[in-house]
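Protein chains in written order, with the working numbering: chain A, 1 to 299; chain B, 1001 to 1299; chain C, 2001 to 2299; chain D, 3001 to 3299; chain E, 4001 to 4299; chain F, 5001 to 5299. By construction, the Cβ of each residue, glycine as well, lies at the ideal position given by its N, Cα and C atoms. Quantities reported herein were computed from a predicted structural model and do not represent experimental measurements.
Protein chains: 6
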Amino acid sequence: MNKKHEAAWEKTKVLIEAMPYFRQFHGKTVVIKYGGNAMLNEDLKKDVINDIVLMQLVSMRPVLVHGGGPEINGLLKKLAIQSSFVNGLRVTDAATMEVVEMALVGKVNPSIVNHINQANGKALGLSGKDGNLLVAHQKYAIITDEKGKTTQVDIGQVGEIEKVNTELLNSLLEQGYIPVISPIGVGTDGKSYNINADTAAGKVAGALKAEKLILLTDVEGIYRDYQDKESLISLLHKKEAEELIKKGVIDGGMIPKVECCLQALAEGVVSTHILDGRLPHSLLLEIFTKEGIGTMVAE
Amino acid sequence: MNKKHEAAWEKTKVLIEAMPYFRQFHGKTVVIKYGGNAMLNEDLKKDVINDIVLMQLVSMRPVLVHGGGPEINGLLKKLAIQSSFVNGLRVTDAATMEVVEMALVGKVNPSIVNHINQANGKALGLSGKDGNLLVAHQKYAIITDEKGKTTQVDIGQVGEIEKVNTELLNSLLEQGYIPVISPIGVGTDGKSYNINADTAAGKVAGALKAEKLILLTDVEGIYRDYQDKESLISLLHKKEAEELIKKGVIDGGMIPKVECCLQALAEGVVSTHILDGRLPHSLLLEIFTKEGIGTMVAE
Amino acid sequence: MNKKHEAAWEKTKVLIEAMPYFRQFHGKTVVIKYGGNAMLNEDLKKDVINDIVLMQLVSMRPVLVHGGGPEINGLLKKLAIQSSFVNGLRVTDAATMEVVEMALVGKVNPSIVNHINQANGKALGLSGKDGNLLVAHQKYAIITDEKGKTTQVDIGQVGEIEKVNTELLNSLLEQGYIPVISPIGVGTDGKSYNINADTAAGKVAGALKAEKLILLTDVEGIYRDYQDKESLISLLHKKEAEELIKKGVIDGGMIPKVECCLQALAEGVVSTHILDGRLPHSLLLEIFTKEGIGTMVAE
Amino acid sequence: MNKKHEAAWEKTKVLIEAMPYFRQFHGKTVVIKYGGNAMLNEDLKKDVINDIVLMQLVSMRPVLVHGGGPEINGLLKKLAIQSSFVNGLRVTDAATMEVVEMALVGKVNPSIVNHINQANGKALGLSGKDGNLLVAHQKYAIITDEKGKTTQVDIGQVGEIEKVNTELLNSLLEQGYIPVISPIGVGTDGKSYNINADTAAGKVAGALKAEKLILLTDVEGIYRDYQDKESLISLLHKKEAEELIKKGVIDGGMIPKVECCLQALAEGVVSTHILDGRLPHSLLLEIFTKEGIGTMVAE
Amino acid sequence: MNKKHEAAWEKTKVLIEAMPYFRQFHGKTVVIKYGGNAMLNEDLKKDVINDIVLMQLVSMRPVLVHGGGPEINGLLKKLAIQSSFVNGLRVTDAATMEVVEMALVGKVNPSIVNHINQANGKALGLSGKDGNLLVAHQKYAIITDEKGKTTQVDIGQVGEIEKVNTELLNSLLEQGYIPVISPIGVGTDGKSYNINADTAAGKVAGALKAEKLILLTDVEGIYRDYQDKESLISLLHKKEAEELIKKGVIDGGMIPKVECCLQALAEGVVSTHILDGRLPHSLLLEIFTKEGIGTMVAE
Amino acid sequence: MNKKHEAAWEKTKVLIEAMPYFRQFHGKTVVIKYGGNAMLNEDLKKDVINDIVLMQLVSMRPVLVHGGGPEINGLLKKLAIQSSFVNGLRVTDAATMEVVEMALVGKVNPSIVNHINQANGKALGLSGKDGNLLVAHQKYAIITDEKGKTTQVDIGQVGEIEKVNTELLNSLLEQGYIPVISPIGVGTDGKSYNINADTAAGKVAGALKAEKLILLTDVEGIYRDYQDKESLISLLHKKEAEELIKKGVIDGGMIPKVECCLQALAEGVVSTHILDGRLPHSLLLEIFTKEGIGTMVAE
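So this is what it looks like as structure tokens:
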């Protein structure tokens, strides 16, 4: 074997190694929450797009749910609209809601769709209003005072999903489209709701009985000890996850992500993953290599 | 027959009269350019939405292409972005394009989709980027100097459609969706283009070989003599249309509308209509009554 | 708005009012017993035919079961065949049966089919023999003597339905045909049976799990007090119906009609109606107006 | 091999011999004009019915068009309606037409359907009105006076077919039904027309591009010399047929039969046959034996 | 009726008699174990092939499983490979297995396929490896010593079927192919297994829920008294079969055949038959004559 | 990025590089002639099998045509059957033909099928007799004497293909099977023919209008100068190929391979390749790397 062939042969070895994963995920639905650095950094964005198109090419069925905090903040700022937060949830009055929708549905979503199509994928953008994809109702913030008493606070058009129109999604998947979903819900009264993108991805994955739910984040995964980078947890079972939350090891913004994983598992998703979106091709790394990356949360 | 029955009987008479139109348009595609007052006035908006849902119920296949000038202007103003115009076409730099897209795709489109769904229709929003629905290329403004010399002027991301992905539209129509389309085109290089909504509607109608193209406008139709309201033309044939343009009877903003009708007819649309969107239920009036309304442009 | 538009606008208002009914009955099967004056009077006949074609056009699935007493009597008379009756049931010997079949299948049925087709509907005539549509067995008359002792009397080829070939009906409905059915049953031994048209319509409606069973009759509906025309019952529940029969308020020829409604409800029909076929467009009045007409019998 | 087996073996030999015919006619449409003695004699009737059910069982697609002269005459007589004839065509006024329709559609047709179903076939009766199966227009009689001058005579509702709704027939054949057709045509104005059954069968065969058209008659076939029973023609080519008509060898009622065969051949039927319906199982004899029977008319 | 017609008429009578059987077996699957004299004798072979093609023509779905002992023995002999037997089962080492496979898959199977195709049937050969048609595991011989103690003996690649890929068979049957199956099983580890052809046929019939399982053998059927040829049992019920085995009336090579029938019945086959393949056209005799032949084993 | 991730990242890079090839060959048919060392060497065999299963997994449609010279020779030798050759073609008498068929159909083919299935592919073996897949006629050897006179010599059952049953192949491909074909042809008279495997692969590729025909051989490809290993031709156009044959640069066993490529191109195959089957994973190297390997023969 000559030099040229040796180099090529190295490549084919990799394809051969990928075979069991091609087989395992053939025709399977993978729901990806796409947000954070993976969406801001142009190189990472290109990687994610390429990974998704590759997944489609080898017969997987990727579905994207995207976030867009920076875009929302940018537009709010330009329009001089102030935001206040309760428990980390943005108080969403009508003016804010309009900006959220314009930023997500009118800017972030078409940009992702366009990038996928440019990479020869076949994407189609949806918001929760299209075909009543995401039916939602209002969600209240719960605040606890010093004495431990909890009060429900009305924070406006913040919602949680009660129904996903899977018929529409399945029909688009069947026709070979990659659905790109903005996490805007719609009430039965037609009101718009701002939905957390992780939660929306979890609900969509649960409704589709997806093979995988992948949350792309800006951390490596979940640590047993946040100080010690060596303590990254590769596989976190439900029971342990609940304990770690109780103990406060999992805290802050990670709690809703883990809870969304647990909820998706309960609704029939096979495995859920919290990945580091800052890592190039983290999606492929997770799917096509034995070791996987980040933290897998499982039953 | 008693009083109660008499009243009811009046109603059934109307249904009987509508029968030939139910029959004539059964399963037929009607592309509607929705804009102007019919979109601004809440009562008119409700009427148009109801008319469209009714069309769907009696087995027609409505497709909407919407405009949104006021929404675009409003957002540009809030963001303090100045616009200039050449030959009535907005010079569209990147910042303007972004605003156009946010206003149309992120605000106007979901609002229409939502209204239709609230009225128990089944709508789904699309921009030209979804599944590469509207592939476009740049369009230049043509200006003529005093000596009659024409020059091409680059006015940025203003485009014209070269291809409509009818497969996507037909599949959605087959599944019972009303497609609501924002006139944003996408270049083969992924660039966004601002497309005139009338022209987009005409192109979509032509590509779908629609039965009807209806342009909802803020005038009654075309007059032989603009001063004389009695001179409204009910039926305008291609030849006469071309003459009236030459003579200057049809001028200004009406020229592109008439040209878009003629183009659609050339591509196989059966009839085209310029209707007064300020009239309540103008769509139903045109479709379900013998007399029709506005101006019909035909071969 | 000018005069012309005002008139047209009145019409469109009606269409808008009809929308909820278009929606409610979209794709639903409605079985209609067509007989009495509605079949004899040429104007009423035209109305019924038009109503049925309209129902088909707005995506309902009408099925007709027709009677034909006058035609049978006329032909029996011309052929000098005498009829005797037991308990209101015609004693049906072989010669009479042949006449019944000729009158219904050879005269009434093709005439209805033809009228529907002339009105641009798409009808196809069936007797119970076609594809063994209505399998039946003999039915005996029950007579009660003075002492209350009941005796079964053989009245010849009078039958009751034991099985409806719904596969044939559904296939024809799927292809867009309006089935027009003559109430002739066929025994497993090939014998013909004369079936009461109301009962046949009820059985067909039950077998098809129809949305509505409508019996067109020559009365306004059911009265609480037959003398008092103001006492018409709009909605009669099963329980009350049974009581009114026991009390003798519902009597004579109305009993089998009400029992046929109750039977159809028990087999899964959603609502049943006894309408006045002498009223022009009574079908449309019932289906497309809020108030409805006649008496609705429901669970 | 013992006695019992020998007898059985004789039978299997026949099945083996029939194989090439099973193969040849697999899935092929055969249109049969059923009339004359084969319809009057109970034994022959049973034979024809059995033959047709057998054809269906071995995957052929039989279609029946029936006559019914004796039934029509019987009913006319009972109703004391006089008939006159012009050129062998019955002058058909409205009263006569009604009787023709009642006799054919209300008596003969259901009887055949019933017999086939009793023999475990799957038949469905149709008249030309069902789904506008046979669209027709009036046909005039042509009489020639002594001087050879021809005059068109109006003989009432006698018609000729201009269009056959093959979509309906093919759909029923696809679902495994044997269509049994009464030769009643319908004008575009809804008028009924009395059609010659041979001609109707020929038109149906032509429209279906049938493999075979079989006319069951009361003669053995066509003779070169009517006196000499040995002169039966087994195979008659178009050219010779035309010559024999010119020479007067083929005359009287046989002329329209031969012309109907020639017409069917011209419209794409593969072979046409004039068979002796008085012969038991003449259909099977023709189809499943090498020698065939009667006269085959071919291009 | 003349002589020629009389002869033909005799034939048509047979077709008429065969009708109930055509009807009974329409679309039904019949699995045939083809072996013994019926495969060796050229005339018998031709008969079997013709019978099978006829079955296919009249809409039955024959499936063949073939044996091939003589071919295997012949090839082993030519290659000078010795065979030993335990309990009538051939000890199958790797070299023997290779010969078995070559003889069955490379010689007997293509020869049968070819004969069927030459007779205008449409056959396709399969071994248990094709699409993992017959998944098997090793089967041990059970030997009993003088004291009645049983020992399991390893006799090499002799197997029994644990799973039949009915999806493949049904798809081929749907496309009109006659599957011809070599009884070679494949282990989940890819090992080849020699399977008894009777047992394989029974398993295939059971998996397909066949209408009939027919074992072609070299005996007339099962006798109550082997000495008395008059004691042939026409119908043997499960219970009696088990008793006759216990009593030793059914013994030797007949035991596995009867057990295979009982097993197939238990798995849903409607009837099973042990036929004399030495009788010409024994398949047709069984299927198309009232008396049937051989021994039918039923629940 | 840590070490673990770096290694994994190298792998994902390869997948990304392979994307254009996944896209290019999505759903495309690739016909592979499998023979020579690639079939004899166990490691190479495993590689080829894996490559083919991978091709199937990433939505390509591989079809295999196999050779088997060594197996044939081995069996002939064991059976002491002598072979003679004319012009490199084996003289194939009946006994030899039987051996060829047993070796290919009964040994080589099931072994390949089994290996693919073991590697979790989904294969099904076919010979040219199955469903008359390869209809052939006899081929004569042409010998040229010293004076240049050519004579046709009868060399027995050596054949060339005249028709490929693509319906069967397409149906199996549609169902996800990898067809594995033994190059045995069948005459219209049922005679078996020994077909050259390269030629058979070419004919199958041509009939399927395959994207690629790949001949796995035991040479690196075609050289401009056989002595100089650096002179390997990467891309050989039709015209040059014909010249090189004329000049004698391409000679011996390479001529029929090149001619088979040219023939396949003429029948619509997009590209043809002569690859070195001795190279591990030569199939993947050719398909999934930019440089390709071996010699591509193109129009």
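Would DSSP call residue i helix, strand or coil?
i: His2115 of chain C; result: helix
i: Thr1096 of chain B; result: helix
i: Lys5209 of chain F; result: coil
i: Leu279 of chain A; result: coil
i: Tyr2021 of chain C; result: helix
i: Ile2293 of chain C; result: coil
i: Val3269 of chain D; result: coil
i: Lys3011 of chain D; result: helix
i: Ile5250 of chain F; result: coil
i: Leu4285 of chain E; result: helix
List the residues that DSSP assigns as beta-bridge partners of residue i.
i: His2237 of chain C; result: C:Ala2298
i: Ala5123 of chain F; result: F:Ile5178
i: Leu215 of chain A; result: A:Lys33, A:Ile274
i: Tyr5223 of chain F; result: F:Leu5232
May I ask which residues mark the beginning and end of the alpha helix (DSSP H) holding residue i?
i: Lys4257 of chain E; result: 4254-4266
Between residue i and residue j, is the Cβ-Cβ spacing less than 8 angstroms?
i: Asp4047 of chain E; j: His4281 of chain E; result: yes
i: Gly4206 of chain E; j: Ala4264 of chain E; result: yes
i: Ala4136 of chain E; j: Val4053 of chain E; result: no
i: Asp1043 of chain B; j: Leu1283 of chain B; result: no
i: Ala3201 of chain D; j: Val3065 of chain D; result: yes
i: Leu4275 of chain E; j: Leu4208 of chain E; result: no
i: Thr1012 of chain B; j: Leu2285 of chain C; result: yes
Could you pull out every unbroken alpha helix (DSSP H) segment of at least 4 residues lying fully inside the region 1129-1204 of chain B, listed in chain order? 1166-1174
4-residue-minimum alpha helix (DSSP H) runs that sit fully inside the region 2031-2116 of chain C, ordered along the chain: Qualifying alpha helix (DSSP H) stretches, in chain order: 2037-2040, 2042-2057, 2069-2078, 2094-2103.
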